[in-house]
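Counting with the UniProt record's numbering, you get residues 1 to 265 for the letters of the sequence shown.
We put the beta carbon where it would ideally sit given N, CA and C, even for glycine.
The model shown is predicted, which means the values in this text are computed figures rather than measured ones.
Right, one structure below, let's go through it.
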Amino acid sequence: MIFGDMRHVSDKAVVKNSGGLGETISVIVQALLLALVIRTLLFQPFNIPSGSMRPTLLEGDYLFVSKFSYGYSKYSIPFAPDLFSGRIWSGEPKRGDIAVFRKPNDTSLDFIKRVIGLPGDKVQMRGGVLYINDMAVPREKVGQIDNPDVTEVNRPVDVYRETLPNGITYDTLDLTPNGLGDDTREFIVPAGNYFMMGDNRDNSSDSRFDVGYVPLENFVGRANLIFFSIADKASPLEIWRWPSDVRFGRLLHSVNGAPNSVQNN
């Protein structure tokens with residue numbers, strides 16, 4: 001009797017595990033749906049194509065961007081441009097956040113910059129120094145980067161560490177003394193908008209120029225984690241280049257905590 005029951009249970013198990021192609025397709029569909037939910041509502045991968053956020057982010061960095069940090073808008077939920085306006089479950093970007101947003105005058109483009117000015121702030125560059133509400137943001141020279149792909153001129157580039165009013169610190173590059181963005185008019189950030197700047201101050205298209213103020217609705221998410229990084233414009237699919245080109249020291253680092261090539265004074 002016992003052996004009969006055991007055989008019966010075993011037969012059921014065999015039948016259950018013999019789903020074949022239908023079960024395989026079901027598992028694949030469920031996995032794809034889960035991936036879609038994660039990408040739409042939780043985290044979305046982005047890659048860094050330019051040097052505008054050097055030295056914090058490098059070309060070839062691949063990031064996870066948190067979609068839920070600022071709530072959701074038509075720009076943070078793919079394929080849903082007309083469902084609603086504004087944001088739902090909105091969270092406010094914080095000064096110093098590195099955020100992905102849609103460029104206001106061309107919403108087909110994703111940009112990544114640092115939040116510098118909040119609604120109502122006065123922002124200005126004077127002689128290469130950042131001023132927020134008429135107060136100079138403290139900066140100190142911390143080293144140089146001797147790297148030819150930072151600029152077309154192969155020379156050391158000065159690195160400065162800035163400290164925002166809320167205590168957030170980060171490094172910036174000063175490629176060119178008296179650069180175009182080193183002296184600007186005073187910007188007063190409108191309600192519901194933010195002032196964004198790249199850490200590579202002389203090589204960044206940002207709110208000082210054609211990007212302008214960025215509405216809260218345009219935010220896609222906050223950059224959190226570098227999950228992959230590869231140099232020399234290599235593709236992650238070129239596995240044979242991994243040993244020489246993958247920046248292993250940057251993998252699984254927070255966007256503000258990844259090592260860079262700054263040579264300390």
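Using the C-alpha atoms, what's the distance from K103 back to N224?
20 Å
Hey, Y170 and D199 are a contact pair by Cβ (cut 8 Å); roughly how many whole angstroms apart?
Correct: roughly 6 Å between the Cβ atoms.
To the nearest angstrom, report how far apart D182 and D174 are at their CA atoms.
The C-alpha of D182 lies about 9 Å from the C-alpha of D174.
At what residue ranges does the segment 45-115 contain a whole run of the beta strand (DSSP E), taking only runs of 3 or more?
Entirely contained in the segment 45-115, the beta strand (DSSP E) runs reaching 3 residues are, in chain order, 61-66, 98-103.
Do V214 and M196 come within 8 Å of each other at the CB atom, strictly closer than that value?
yes
Do V142 and V159 come within 8 Å of each other at the CB atom, strictly closer than that value?
yes
Going by Cα to Cα distance, which pick from W240, A234, N218, E23 is closest to Y62?
For the options W240, A234, N218, E23, the alpha carbon positioned closest to that of Y62 is the one of A234.
Can you name the residues that DSSP bridges to D174?
D158
Check each candidate in V255, H253, F228, S254 and name the one with the smallest Cα separation from W242.
Here the closest residue by C-alpha is F228.
Taking buried to mean at least 16 other C-beta atoms within 10 Å of its own C-beta, is Y75 buried or exposed?
buried
Look at the alpha carbon of F111 and the alpha carbon of I25, and state the distance between them as a whole number of angstroms.
37 Å
Taking the Cβ atom as the reference point for each residue, do K94 and V115 lie within a distance shorter than 8 Å?
yes
Residue 276 versus R201 - alpha carbon distance
As displayed, the chain neither begins before 1 nor continues past 265, which places residue 276 out of reach and without an answer.
Who are the near neighbours of P190 in its chain, counting only those whose CB is closer than 8 Å to its CB and skipping five residues on each side?
Closer than 8 Å at the Cβ level, and outside the excluded window around P190, lie P119, Y213.
Mapping the DSSP letters down to three states, classify I25 as helix, strand or coil.
helix
Go ahead and label S108 buried or exposed: buried means 16 or more other beta carbons lie within 10 angstroms of its beta carbon, across all protein chains shown.
exposed
From which residue to which residue does the alpha helix (DSSP H) around S244 run?
242-245
Where do the N-terminal and C-terminal ends of the beta strand (DSSP E) with R139 fall, by residue?
139-145
If you draw a straight line from the alpha carbon of N193 to that of I77, how long is it in whole angstroms?
20 Å
Locate the beta strand (DSSP E) running through K122, then write down its first and last residues.
122-126
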